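Okay, structure first, notes after.
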Amino acid sequence: MDDYRAVRELLPAPPLSPEVERAGRERLAAAFAQERVRRSRRAVRWGVLGLGLAGVATAAAFVIAPTVFPRGPATSGTVAQADGKRFLLVAAASVASMSDEGAWWGSTEVHGWQFHEPGGRYVLRESESIETWIPANPEGRTWYRQTPQGIKPATPQDEAAWRADGSPTSWTYDKPSEKGHSGVVRAEPGEQRTWSTEDWDFRILTAGKPLTKMSEVPDTPEGLKALFDADDRTTIDTAARLLFFAPVTSETRAAAYRLLASTPGVAAVGQVTDALGRAGQAIEYESGEFAPPNYAGATRTRLVIDPASGRPLSIETRSAADGLLLTYTAIQDSRWADDNPLKETK
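For the sequence shown, my numbering assigns the number 116 to the initial residue and increments by one for each residue that follows.
Put into structure tokens, the structure is as follows:
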């Protein structure tokens, strides 16, 4: 038997880079050679930042209590896929090997919004980074650092048009921009903020019902689909939020990849560069959930993934008409760690 046949079948079309292919083969070969040790569950409390919204005022938390789920076979939930989506299965195998150990779940996200200057001559990009540290201890506090990064032209072409406009550092909107700006908008960054929160009584709503326990977060594609109990579009949105933002186990993250691979409505884009200039493979689907509040047109959501590491890179909302990037949330880093660097800052 050719042990690498499955790897070759999982590699996407258009083909992955040699580095990605080699990493996928090495990870899946290791999976064939030994049975994975099931990692212990833990009690954690996690927050999810509202996509496409400024700051963390829209953050929600959900309490997770330990439990154990029956494991299915490694291929559970995978069905015949269109060639271009097979990289999701490579990503699932890669992410399943990541460590779940640590006292803190830390992530650094970059949120960005693109909108036209008042005259419509060029596109501006506003961004901010948000560092979040969520404790495994349910009695601990969640810590945040928000760093506004200001407003600048979105692309080199926009920068040229901005210079031709006299390189302004502020703009006046008589009617709201696509992001909702009105009045005078200034380019300079705002003030950095660091803070922590007590226990929250918010809950994440999935398909119209609250999730409050780990027993409601399965680690198989079938279990996640049954939990969401929703139409395909809502299922994709919820799987994406869980994959990108929740400090769940590696098995649950892998299950979310497999669920995305098998859900109708997900289309492969191929190799792309995300909003931070990183190379990855992407899928797109129709979704109004992450669209800017003042954008009237139809939008598509793009998920950019690094199959070799299994890490999600960014969620991007684009115009369905011309592909213009409207909003994005890019994951610069996410990991379990023993220490929280923000804890001693206040």
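Virtual Cβ for every residue (Gly too), placed ideally from N, Cα, C. Computed from a prediction, not measured in an experiment: that's the story for all the values here.
Query: Quick one: Cα of Ser-209 to Cα of Leu-441, how far?; Result: 30 Å
Query: What residue does the beta strand (DSSP E) around Gly-338 start on, and which one ends it?; Result: Premise fails: Gly-338 lies in the alpha helix (DSSP H), 336 to 343, not in any beta strand (DSSP E).
Query: Looking only at DSSP bridge pairs, what is Phe-230 linked to?; Result: Leu-239
Query: Rounded to a whole number of angstroms, what is the C-alpha to C-alpha distance between Val-238 and Trp-258?; Result: 33 Å
Query: To which residues does DSSP link Trp-248 through a beta bridge?; Result: Gly-221, Trp-258
Query: In whole angstroms, what separates the C-alpha of Pro-427 from that of Thr-309?; Result: 25 Å
Query: When the Cα of Thr-353 is compared with those of Gly-235, Trp-228, Leu-418, which residue comes out closest?; Result: Leu-418
Query: Give me the residue from Pro-291, Lys-340, Gln-264, Glu-232 with the minimum Cα distance to Gly-281.; Result: Glu-232
Query: I need the DSSP call for Val-210, collapsed to helix, strand or coil.; Result: helix
Query: Roughly how far, in whole angstroms, is the beta-carbon of Ser-297 from the beta-carbon of Pro-291, given that I think they are within contact range, below 8 Å?; Result: 5 Å
Query: In the structure shown, what three-state DSSP assignment does Gln-447 receive?; Result: strand
Query: Figure out for me which residue from Gly-385, Val-225, Trp-228, Ser-429 has the closest Cα to the Cα of Phe-359.; Result: Ser-429
Query: Please report the distance separating the alpha-carbon of Asp-389 from that of Ala-275.; Result: 22 Å
Query: Buried or exposed: which applies to Asp-454, given that a residue is buried once 16 or more other Cβ atoms fall within 10 Å of its Cβ?; Result: exposed
Query: Can you tell me whether DSSP reads Leu-391 as helix, strand or coil?; Result: coil
Query: Here's a check: name, in chain order, each residue in its chain whose Cβ is nearer than 6 Å to the Cβ of Pro-263, leaving out the five neighbours to either side.; Result: Glu-243, Pro-304, Gly-305
Query: When we look at the beta-carbon of Leu-332 and count the other beta-carbons within 10 Å, is it buried (16 or more) or exposed?; Result: The sequence given here has Val at residue 332, not Leu. It counts as buried.
Query: Just reading off the beta strand (DSSP E) that Tyr-288 is part of, what are its end residues?; Result: 285 to 288
Query: Could you give the C-beta distance for Ala-211 and Ala-369, rounded to a whole number, given that I count them as a contact under 8 Å?; Result: 4 Å
Query: Reducing DSSP to helix, strand and coil, say where Arg-201 ends up.; Result: coil
Query: How close, in whole Å, do the beta carbons of Gly-395 and Val-387 come, if the pair is a contact with beta carbons under 8 Å?; Result: 6 Å
Query: DSSP has Val-419 in a bridge; who is on the other side?; Result: Ala-397, Ser-429
Query: If you run the structure through DSSP and keep just helix, strand and coil, what is Thr-442?; Result: strand
Query: Please state whether the Cβ-Cβ distance between Ala-206 and Tyr-400 is less than 7 Å.; Result: no
Query: Evaluate Val-299 with the Cβ neighbour count: other Cβ atoms within 10 Å of its Cβ, from every protein chain shown; 16 or more gives buried, anything less gives exposed.; Result: exposed
Query: If you follow the beta strand (DSSP E) that Ser-311 is in, where does it begin and where does it stop?; Result: 308 to 312
Query: Within 10 angstroms of the Cβ of Glu-241, are there 16 or more other Cβ atoms? Answer buried if so, exposed if not.; Result: buried
Query: Where Pro-408 and Arg-433 are concerned, what is the direct C-alpha to C-alpha distance, given to the nearest angstrom?; Result: 13 Å
Query: With Lys-267 and Ala-383 assumed to form a contact (beta carbons below 8 Å), what rounded beta-carbon distance in angstroms separates them?; Result: No, Lys-267 and Ala-383 are not in contact; Cβ-Cβ is about 32 Å, not under 8 Å.
Query: Could you give the C-beta distance for Leu-374 and Lys-340, rounded to a whole number, given that I count them as a contact under 8 Å?; Result: 6 Å
Query: Check each candidate in Ser-285, Thr-284, Trp-228, Asp-421 and name the one with the smallest Cα separation from Ala-269.; Result: Trp-228
Query: Tell me whether the beta-carbon of Pro-422 lies closer than 7 Å to the beta-carbon of Trp-220.; Result: no
Query: Residues bridged to Arg-301 by DSSP?; Result: Ser-285
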